[in-house]
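Undergrad: Below: one structure in structure tokens.
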Amino acid sequence: IFLMPINIFIEWQKWNVVLKNETVDGRQKLHSFLSGIVSGVITPAYAGNFIGRMLYFPKSNRKNIIINTLASNGAQFIMSISLGLIAFQLIYASSLDLIYHLLMILANLSLFVLYFYGDTFIEKIPLRFFKQISGVVVSKKLRFKLLGLALLRYSVFVLQFVLALMVFDVSFSSPIIIWVMLMFGAITISPSLFMGKLIIRETVAVTILTIIGISASSIILAALTTWLLNQIIPALIATIVVKKNRQHAWV
């Protein structure tokens, strides 16, 4: 439970980075952040947090908010995929041919190249919207900061899940951390239907972690507990606050 506010605080810091070049008062910043938590929970893969956030800004600012919120989400996505690939390589180090290791390293590097220089490529697309992206997206320095915060938040997720497993009678061993990293990578690339990745997340977790002998019941309980702590409880609190302060939204 004590990791829940830490997780929210890190996401709040990411929101501050997104708004680095915007003129925003404290109340507007807080309520847009909370609104994003709510809209994120009810959209697939929590990707819709920009929907709730942008409603608190005039239309002239919404493109900036959407693009840079997606850049923030992208940092978290890249971190999960990258560390998931590394975990896969560590687990299957002896059974993978060198060529596959090299391909995965190349794939990992490509993710970071796209994150930092993708806007340079996108702006060459002969469409007005894409040409404007490079002038809107946060600087490479701020993107690096977003990646650092994403790594910190990812570490909280992993620690939280491992602790949840231990609460439900799973004995700790260091390899569990690597397998949980692999699990998060697989969950990240899995399809999403509703409420984030409810059901799909638990299915992926069970499929991967039962390989090392963890019981399905412990995995499901740990997955549901972390889901409640990280998504549902914050969303309920945010809903109460946002409902009381709807007058501050630019709607």
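Using our numbering, read the sequence shown as starting at 4 and increasing by one per residue. Ideal Cβ placement from N, Cα and C applies to all residues, glycine included. Owing to the predicted nature of the structure, the values given are computational and were not obtained by experimental measurement.
At 4 residues or longer, what runs of the alpha helix (DSSP H) sit wholly inside the region 168 to 238?
TA: Listed in chain order, they are 177 to 192, 203 to 212 and 219 to 230.
Undergrad: Whole angstroms is fine: what's the gap from alanine 219's alpha carbon to valine 41's?
TA: The residue you call residue 219 lines up with position 216 of the sequence shown. The residue you call residue 41 lines up with position 38 of the sequence shown. Going from the Cα of alanine 219 to the Cα of valine 41 covers about 29 Å.
Undergrad: Report yes if the C-beta distance between serine 83 and threonine 228 is below 8 Å; otherwise report no.
TA: As a working mapping, residue 83 is identified with position 80 in the sequence shown. As a working mapping, residue 228 is identified with position 225 in the sequence shown. Not a contact, by the Cβ cut-off of 8 Å.
Undergrad: For histidine 251, which residues in the same chain have their Cβ closer than 8 Å to its Cβ, ignoring the five residues on either side in sequence?
TA: Working through the sequence shown from its first residue, we reach residue 251 at position 248. For histidine 251, the predicted model reports a pLDDT of 49, less than 50, meaning its position is unreliable; a value from the coordinates is still stated below. These residues qualify, in order along the chain: Arg30, Gln31, His34 and Tyr59.
Undergrad: Does the distance from the C-beta atom of tryptophan 182 to that of isoleucine 223 stay below 8 Å?
TA: Taking the sequence shown and counting its residues from 1, one reaches residue 182 at position 179. Taking the sequence shown and counting its residues from 1, one reaches residue 223 at position 220. Against a cut-off of 8 Å, the Cβ pair of isoleucine 223 and tryptophan 182 comes out as no contact.
Undergrad: How is the alpha helix (DSSP H) around leucine 42 delimited, first residue to last?
TA: To locate residue 42, count along the sequence shown from 1; it is residue 39. One point to set straight first is that residue 42 is serine, not leucine, in the sequence displayed. Element bounds for serine 42: 29 to 44.
Undergrad: Using DSSP with H/G/I as helix, E/B as strand and the rest coil, what is alanine 90?
TA: The sequence position of residue 90 within the sequence shown is 87, counting from 1. Looking at alanine 90 - three-state DSSP - the assignment turns out to be helix.
Undergrad: Near alanine 189, which residues of its chain fall below 7 Å by C-beta distance, leaving aside the five closest residues on each side in sequence?
TA: Walking along the sequence shown from the start, residue 189 turns up at place 186. Only Gly87, Val207 and Ile211 meet the Cβ criterion.
Undergrad: Using a Cβ-Cβ cutoff of less than 8 Å, which residues in the same chain neighbour phenylalanine 91 once the five nearest sequence positions on both sides are dropped?
TA: Within the sequence shown, the letter at position 88 stands for residue 91. So the qualifying residues of the chain are Met107, Leu185 and Gly188.
Undergrad: CA-CA distance, leucine 154 and glutamine 79?
TA: Position 151 of the sequence shown, counted from the first residue, corresponds to residue 154. Position 76 of the sequence shown, counted from the first residue, corresponds to residue 79. Roughly 7 Å between the two C-alpha positions.
Undergrad: Count Cβ pairs between the region 15 to 28 and the region 235 to 244 that sit closer than 8 Å; are there 3 or more?
TA: Flag = no, the region 15 to 28 and the region 235 to 244 do not touch.
Undergrad: When burial is assigned at 16 or more other CB atoms within 10 Å of the CB, is tryptophan 253 buried or exposed?
TA: Here residue 253 corresponds to residue number 250 of the sequence shown, with the count starting at 1. Note that tryptophan 253 has pLDDT 44, beneath the 50 cutoff, so the model's placement of it is unreliable and the number below is only indicative. Flag for tryptophan 253 reads exposed.
Undergrad: Taking the continuous alpha helix (DSSP H) assigned at lysine 17, which residues delimit it?
TA: Walking along the sequence shown from the start, residue 17 turns up at place 14. Segment 6 to 21, the alpha helix (DSSP H) holding lysine 17.
Undergrad: By the three-class DSSP mapping on this structure, what secondary structure does threonine 26 have?
TA: Taking the first residue of the sequence shown as 1, we reach residue 26 at position 23. DSSP places threonine 26 in coil when its eight states are reduced to three.
Undergrad: Label valine 170 either buried or exposed according to how many other C-beta atoms from any shown protein chain fall within 10 Å of its C-beta, with 16 as the threshold for buried.
TA: As a first step, residue 170 is located in the sequence shown; it is residue number 167 there, counting from the start. Under this definition valine 170 is an exposed residue.
Undergrad: Can you tell me whether threonine 72 is buried or exposed? The criterion is at least 16 other CB atoms within 10 Å of its CB, across all chains shown.
TA: As a position in the sequence shown, residue 72 is number 69, starting the count at 1. With 16 or more Cβ atoms within 10 Å of its Cβ, threonine 72 is classed as buried.
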